[in-house]
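Some notes on the structure that comes next.
There are 2 protein chains.
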Amino acid sequence: MPRVVIVGAGFGGLACARALAGKPVETLLIDRNNYHLFTPLLYQVASSLLNPSDIAYPVRTALRPAANAAFRMAEVAEIRPAERLVVTASGEAIAFDWLVLATGADNNFFGLTAVERRAHSLNTLPNALNLRDHVLRSFERAVTEPGRAAEHLTFVIVGGGPTGVEYAGALAELVPLMRRDFASLRHAPIRIVLLEARDALLGAFDHSLGRHAAERLDRLGVEVRLGDRLDRVGEEAITLASATTIPTRSLIWAAGVRPNPPAVTPFLTATPGGRLVVGSDLRIPGQERIFAIGDVAACPRGPGEGEMPMLSAPAIQAGRYVARAILTLEHGRVPEPFRYVDKGIMAVIGRNAAVAQVGPLKMKGLLGWLAWLMVHLWFLIGFRNRFAVLMRWGWNYVFYDRPIRFIVPGLKRDE
Amino acid sequence: MPRVVIVGAGFGGLACARALAGKPVETLLIDRNNYHLFTPLLYQVASSLLNPSDIAYPVRTALRPAANAAFRMAEVAEIRPAERLVVTASGEAIAFDWLVLATGADNNFFGLTAVERRAHSLNTLPNALNLRDHVLRSFERAVTEPGRAAEHLTFVIVGGGPTGVEYAGALAELVPLMRRDFASLRHAPIRIVLLEARDALLGAFDHSLGRHAAERLDRLGVEVRLGDRLDRVGEEAITLASATTIPTRSLIWAAGVRPNPPAVTPFLTATPGGRLVVGSDLRIPGQERIFAIGDVAACPRGPGEGEMPMLSAPAIQAGRYVARAILTLEHGRVPEPFRYVDKGIMAVIGRNAAVAQVGPLKMKGLLGWLAWLMVHLWFLIGFRNRFAVLMRWGWNYVFYDRPIRFIVPGLKRDE
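Keeping their order, the protein sequence lines are chains A and B. Take 0 as the starting number for the first sequence in numbering that gives the first Met the number 0 and just add one per residue. Take 0 as the starting number for the second sequence in numbering that gives the first Met the number 0 and just add one per residue.
Here it is, written out as structure tokens:
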């Protein structure tokens, strides 16, 4: 049976492997982690609401319904298209008949090394846990170092896209709980600053929704600073382009991601944005047997159209398309070009407040929030996770509580 | 108001702080972590059943009902009894009228540095998470390095006390799940070895219960080796005193803990076992205002009697006793000597199987298991934790599933 090797167990890679379940191929899914991560809810892990296990799902368990699929926890070091081989970092050579690159994206610090060194981020599970610990520890430090309270209690989030907006809202809702736990900080100034270089939040959304988000965040106590950007980053303060200095030890980077193609790939070409160039059937030009999907690839919305956004829905659609395309090619036929069906975009701001945009339809407030809840619960993998997340959201909604407020730093770097 | 400073937010320290709630004292609880940990269930975190948040509880939240109690996340560097000061590692000097040392215990490797370097353990939350990751990673490695499968799939637990027995049972019940997830290991030999230097498991229990535990573990597939001990520890294998060599990269230390007194304490004297000597009112001899309780102290069961075991129940009783004793002393009266009420001991072996011993009463099998379940649920702090643990136990019982099977290594050592 032909062997399909998929690199990356994110939304695109996993959707492709699952779409090949029961088909006359043998599938091998490779990822450096043993879990699929529901990244849209990472900011809730970083704000003490969800457990890692609520949004991470073991890849092997996700593949149980696919008897023809196997998993390998490994990093890809090299791809040899002529020999149809993928070589892992530990030296294992894995043969493929079809290869699907779905390696996703990483933080983009745009070459700002000072930021990269100091900033926390929300893009991986260890980073989100680290950010949670850092935020909780900042409150403890404000108690033991009252002279530095301003630094410890100011949180600057860079980037006014969905990630920045969602984390700013989640942090703002954490503040009253922290004030309840820290008697000596009950009246201390706690600042959350959301910095966006453009003149509106949520640039991908309609302007009215960006304005709504800014108003709601303002009501939650977030300082939204539009049209300003980081200039200098120090240990105890940052300076903005507007010459404002903000004392802070908490810089949270949500200002951009960049495609993360597998290493050593001379046969791949990238767009100026760094995404891999693919044809209308999502194959790498000149490589008959290699596809690229999701954040890492510049997949067109349709023939002759622009790139799809770096989101989960396009990745899932592309993963399913590639599964069908491989089966079609195996039958000696030519696949139809890929066409993206836009399912819309959404972002949550806080309790009872979210914005959503589906074609011409715009939702905000409670309605947007309910839509957001349902979509996110629906797309979580596994009944147990849906149940656990629903329980935790319900607990938070009723008791205004974030249960997971403890600091577990410094896991020994095992092997 | 007199100020009570309690060092350590384990069972003893927290019980003391809570017993002082609403009393005419001001309480400050100090711990290096911001959470109280329900250590009896750590082995379930290390075996992919429970989340850290199920058994960790923020100290500040635990102290909410005590309006006269505050918390400080800090390490104690020095105690100056004459000046009635505790100095933290960050240099803060905290004044006390009464001081309670409840700093617990740490692993005791009996000077075996090779073991200390290689062994995993179950005594803290980071260690338990690290052990969970290591076990899961061992299975992934057995796939990528089939030539070393024997090393990767052999787990040696040293110490046949409750911790070793409980973890051996929990690991043994994890094995069938791993076989289901890893098609290529469905028939691979997976070994769990439980090593005990004495001739019986569960030395603190009646012999019949130790024998029962050994039989049940044997039925679960655990190799119980009595009367043997570690001789040499290498990276890929260990050698026992009986000259048997066992290939393994997983050594799990459950063979002993030692008291963990605060640093730089010349005025304290210790028993040969390392526990702080205290009088019948749990005060340090010669120190009118300093108590020691729990694992760190050699608290007598009663006047002229032997030491209490290093368990949670004695620590809780001692913590409550000290709270009363301080109030009595504040009234210028002499407290009654401490008397321990033995509530018994218990250990779980696996599904429907536990042993428990309360005075002359011995329980085993399903009855012991139900008693174990109820006691452990009851003593967990917080309704939410009880509910979460009950849900997870129920899920595991019905579906034979361990949901938290993912590897999240190498949190960056934040600050």
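The beta carbon of each residue, even a glycine, is placed where N, CA and C say it ideally should be. Small disclaimer: the values here were computed from a predicted structure and weren't measured.
Residue closest to residue i, alpha-carbon to alpha-carbon, out of the options
i, options, result
"residue 237 of chain B", "B:363, B:157, B:207", "B:157"
"residue 306 of chain B", "B:79, B:368, B:272", "B:272"
"residue 35 of chain B", "B:55, B:197, B:29, B:45", "B:55"
"residue 262 of chain A", "A:85, A:223, A:354", "A:85"
"residue 375 of chain B", "B:398, B:392, B:363, B:233", "B:392"
"residue 328 of chain B", "B:96, B:183, B:61", "B:96"
"residue 366 of chain B", "B:350, B:381, B:293", "B:350"
"residue 453 of chain A", "A:42, A:11, A:161", "Nothing can be reported for residue 453 of chain A, as the shown portion of chain A is limited to 0 through 414."
"residue 53 of chain A", "A:62, A:63, A:42", "A:42"
"residue 109 of chain A", "A:140, A:229, A:294", "A:229"
"residue 27 of chain A", "A:115, A:232, A:92", "A:92"
Own chain partners of residue i with C-beta closer than 6 angstroms, once the 5 adjacent residues on each side are dropped
i, result
"residue 31 of chain A", "74"
"residue 88 of chain B", "74, 76"
"residue 333 of chain A", "none"
"residue 241 of chain A", "227"
"residue 222 of chain A", "192"
Three-state class that DSSP yields for residue i in the structure shown
i, result
"residue 5 of chain B", "strand"
"residue 411 of chain A", "Confidence at residue 411 of chain A is low in this model, with a pLDDT of 44, below 50, so its placement is unreliable and the value that follows should be read with caution. Coil."
"residue 350 of chain B", "coil"
"residue 107 of chain B", "coil"
"residue 390 of chain A", "helix"
"residue 189 of chain B", "coil"
"residue 246 of chain B", "strand"
"residue 137 of chain A", "helix"
"residue 256 of chain A", "strand"
"residue 275 of chain B", "strand"
"residue 217 of chain B", "helix"
Beta carbon proximity, residue i to chain A, threshold 8 angstroms
i, result
"residue 52 of chain B", "yes"
"residue 260 of chain B", "no"
"residue 57 of chain B", "yes"
"residue 405 of chain B", "yes"
"residue 118 of chain B", "no"
"residue 69 of chain B", "yes"
"residue 30 of chain B", "no"
"residue 416 of chain B", "Past the edges of chain B, shown from 0 to 414, lies residue 416 of chain B, and the structure says nothing about it."
"residue 34 of chain B", "yes"
"residue 394 of chain B", "yes"
"residue 402 of chain B", "yes"
"residue 125 of chain B", "yes"
"residue 172 of chain B", "no"
Neighbour flag for residue i against chain C, beta carbons, 8 angstroms
i, result
"residue 190 of chain B", "Looking for chain C here will not work: the only protein chains present are A and B."
Residues near residue i in its chain [Cβ-Cβ closer than 8 angstroms; skip 5 each side]
i, result
"residue 59 of chain B", "33, 70"
"residue 414 of chain A", "Per-residue confidence for residue 414 of chain A stands at a pLDDT of 43, beneath the threshold of 50, marking its modelled position as unreliable; the derived number appears in the next sentence. No residues qualify anywhere along the chain."
"residue 199 of chain A", "159, 206, 209, 210, 213, 225"
"residue 386 of chain B", "none"
"residue 411 of chain B", "Confidence in residue 411 of chain B is poor, its pLDDT being 44 and thus under 50, which makes the residue's placement unreliable; the coordinate value appears in the next sentence. The answer is none, since no qualifying residue turns up."
"residue 284 of chain A", "268, 276, 277, 278"
8 angstroms Cβ cutoff, residue i in contact with chain B
i, result
"residue 122 of chain A", "no"
"residue 164 of chain A", "no"
"residue 143 of chain A", "yes"
"residue 181 of chain A", "yes"
"residue 241 of chain A", "no"
"residue 73 of chain A", "yes"
"residue 91 of chain A", "yes"
"residue 413 of chain A", "Its pLDDT being 42, under 50, residue 413 of chain A is placed unreliably by the model, and nothing is read from it."
"residue 64 of chain A", "no"
"residue 60 of chain A", "yes"
Residues of its chain near residue i, where Cβ-Cβ distance is below 7 angstroms and the 5 sequence neighbours each way are ignored
i, result
"residue 45 of chain A", "121, 127, 130, 131, 166"
"residue 51 of chain B", "44, 124, 128"
"residue 287 of chain B", "none"
"residue 371 of chain B", "345, 347, 353, 355"
"residue 343 of chain B", "355, 356, 357, 358"
"residue 264 of chain A", "78"
Task: Any 3 or more C-beta pairs closer than 8 angstroms across the segment 13-23 of chain A and the segment 311-323 of chain A - done: yes
Task: Cβ contact (3+ pairs, closer than 8 angstroms) linking the segment 216-224 of chain A and the segment 167-182 of chain A - done: yes
Open item on the list: Would you call the segment 93-110 of chain A in contact with the segment 252-262 of chain A, where contact means no fewer than 3 C-beta pairs closer than 8 angstroms?
Closed with: yes
Open item on the list: Using a Cβ distance threshold of 8 angstroms, determine whether the segment 333-353 of chain A contacts the segment 276-284 of chain A, with at least three qualifying pairs required.
Closed with: Judged by Cβ distances under 8 angstroms, the segment 333-353 of chain A makes contact with the segment 276-284 of chain A, as three or more pairs qualify.
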